[in-house]
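Numbers given in the numbering used here equal positions in the sequence shown, counted from 1, plus 380. Notes follow once the structure below has been shown.
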Amino acid sequence: MMLPQDLPESPGEWPRRIGPLTLSLPDPEGVDAVLRRRNDPAVTEWLIQTRMDPESLKKEWLSSLTNPLQHVVIAGLGDEVVASGSLWIVDGLGQIHGYPEAYSNREAGIDYLVDPRYRGRGFASRIAEVMLGLAFDELHLRRVTAGCFADNHASRRILERSGMRLEQYGIRDSWHADYGWLDGCTYSLLAEEWTSPKL
Ligand SMILES: CC(C)(COP(=O)(O)OP(=O)(O)OC[C@H]1O[C@@H](n2cnc3c(N)ncnc32)[C@H](O)[C@@H]1OP(=O)(O)O)[C@@H](O)C(=O)NCCC(=O)NCCS
Numbered sequence: 381m382m383l384p385q386d387l388p389e390s391p392g393e394w395p396r397r398i399g400p401l402t403l404s405l406p407d408p409e410g411v412d413a414v415l416r417r418r419n420d421p422a423v424t425e426w427l428i429q430t431r432m433d434p435e436s437l438k439k440e441w442l443s444s445l446t447n448p449l450q451h452v453v454i455a456g457l458g459d460e461v462v463a464s465g466s467l468w469i470v471d472g473l474g475q476i477h478g479y480p481e482a483y484s485n486r487e488a489g490i491d492y493l494v495d496p497r498y499r500g501r502g503f504a505s506r507i508a509e510v511m512l513g514l515a516f517d518e519l520h521l522r523r524v525t526a527g528c529f530a531d532n533h534a535s536r537r538i539l540e541r542s543g544m545r546l547e548q549y550g551i552r553d554s555w556h557a558d559y560g561w562l563d564g565c566t567y568s569l570l571a572e573e574w575t576s577p578k579l
């Protein structure tokens, strides 16, 4: 596996506080708490990956602890698990010969989900900021993207407020199991455009 020279071997110092949230690396209890809501229709309505097999997701998230290409955080509010965020590292697009250090594992995708009972309190916005900081300040990646259905207005607001740019608006390019072909969006930010947390 080709890793950028400066990709850290350890996942850094956790837990971290942001606003009222404590962000921790996944442990079995935290993942179980997220999984209790993960397949709830109120959560999956605007997710690209709708129903997830709980055991597979749990295995994947726990293995992120030793996988330098995947990072998962679980957000707690007091004793309650209220949200999660993910970051996965991928290759950049383009010609894949010569200078692999330029493109190999130099980008990331991010996403987040919030327990429906805790929406509208800025939690996803804070998690997005943390994932961007992780990508640029600690993992030294060159570009971060996030995709969503165009009708996922809350997610688009979060991405826009975090400074990400709408780079692709696809007309009916995204299949929705209930609503059919819908428009999709891709947002992006480059390392040189990243400025530290705005929250
Ligand atoms: C989308 C989601 C993450 C939002 O979480 P949240 O914690 O409520 O988000 P925040 O409170 O940080 O911010 C939401 C923003 O969207 C705005 N918003 C909410 N609903 C909106 C709507 N229908 N139209 C426009 N803006 C909307 C809010 O006003 C807020 O913006 P503001 O802070 O400028 O007022 C949450 O609803 C969720 O988990 N959805 C299911 C999973 C998902 O869609 N994840 C994203 C995959 S790309």
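C-beta: ideal position from N, C-alpha, C; glycine also.
(Q) For G543 and A508, what's the separation of their Cα atoms in angstroms? (A) Straight-line Cα distance between these residues: approximately 10 Å.
Q. Which same chain residues, not among the five before or five after N419, have their C-beta less than 6 Å away from its C-beta?
A. Close CB contacts of N419 within its chain, under the 6 Å cut and outside five residues either way in sequence, are with R431 (chain order).
**Q.** Residue range of the beta strand (DSSP E) that includes H451
**A.** For H451, the enclosing beta strand (DSSP E) has its first and last residue at Q450 to L457.
**Q.** Simplified DSSP assignment, three categories, for G478
**A.** Under the three-state reduction of DSSP, G478 is assigned to coil, being neither helix nor strand.
Q: Would you kindly work out how many angstroms separate the C-alpha atoms of G560 and A422, rounded to a whole number?
A: Within the model, the alpha-carbon separation for G560 versus A422 is close to 18 Å.
Q.
At a cut-off of 6 Å, would you count D412 as near ligand 1, judging by its Cβ distance to the nearest heavy atom?
A. D412 Cβ: outside cutoff for every heavy atom of ligand 1.
Q: Identify whether R332 lies in helix, strand or coil by the three-state DSSP scheme.
A: Because residue 332 is not part of the residues shown, which for the chain are 381 to 579, the question remains open.
Q) Which runs of the alpha helix (DSSP H) fall wholly inside the segment 418-454 and span at least 4 residues, in chain order? A) Fully contained in the segment 418-454 are the following alpha helix (DSSP H) runs of length 4 or more, in chain order: 421-424 and 434-443.
Q: Can you tell me which of the three DSSP states G500 falls into?
A: DSSP places G500 in coil when its eight states are reduced to three.
**Q.** CA nearest to the CA of L519, picked from G472, H451 and L445
**A.** Checked all of G472, H451 and L445; the closest Cα to L519 is H451.
**Q.** Span separating the alpha-carbon of D471 from that of N447
**A.** Their Cα atoms are separated by approximately 16 Å.
**Q.** Test item: CB-CB of I454 and A504 under 7 Å
**A.** For I454 and A504, no; Cβs fall outside 7 Å.
**Q.** Residues of its chain near L581, where Cβ-Cβ distance is below 7 Å and the 5 sequence neighbours each way are ignored
**A.** The chain is shown from 381 up to 579; residue 581 falls before or after that span and cannot be answered.
Q | Buried versus exposed call for E487 [16 or more other C-beta atoms within 10 Å across all chains shown] | A | Per the 10 Å Cβ criterion, buried.
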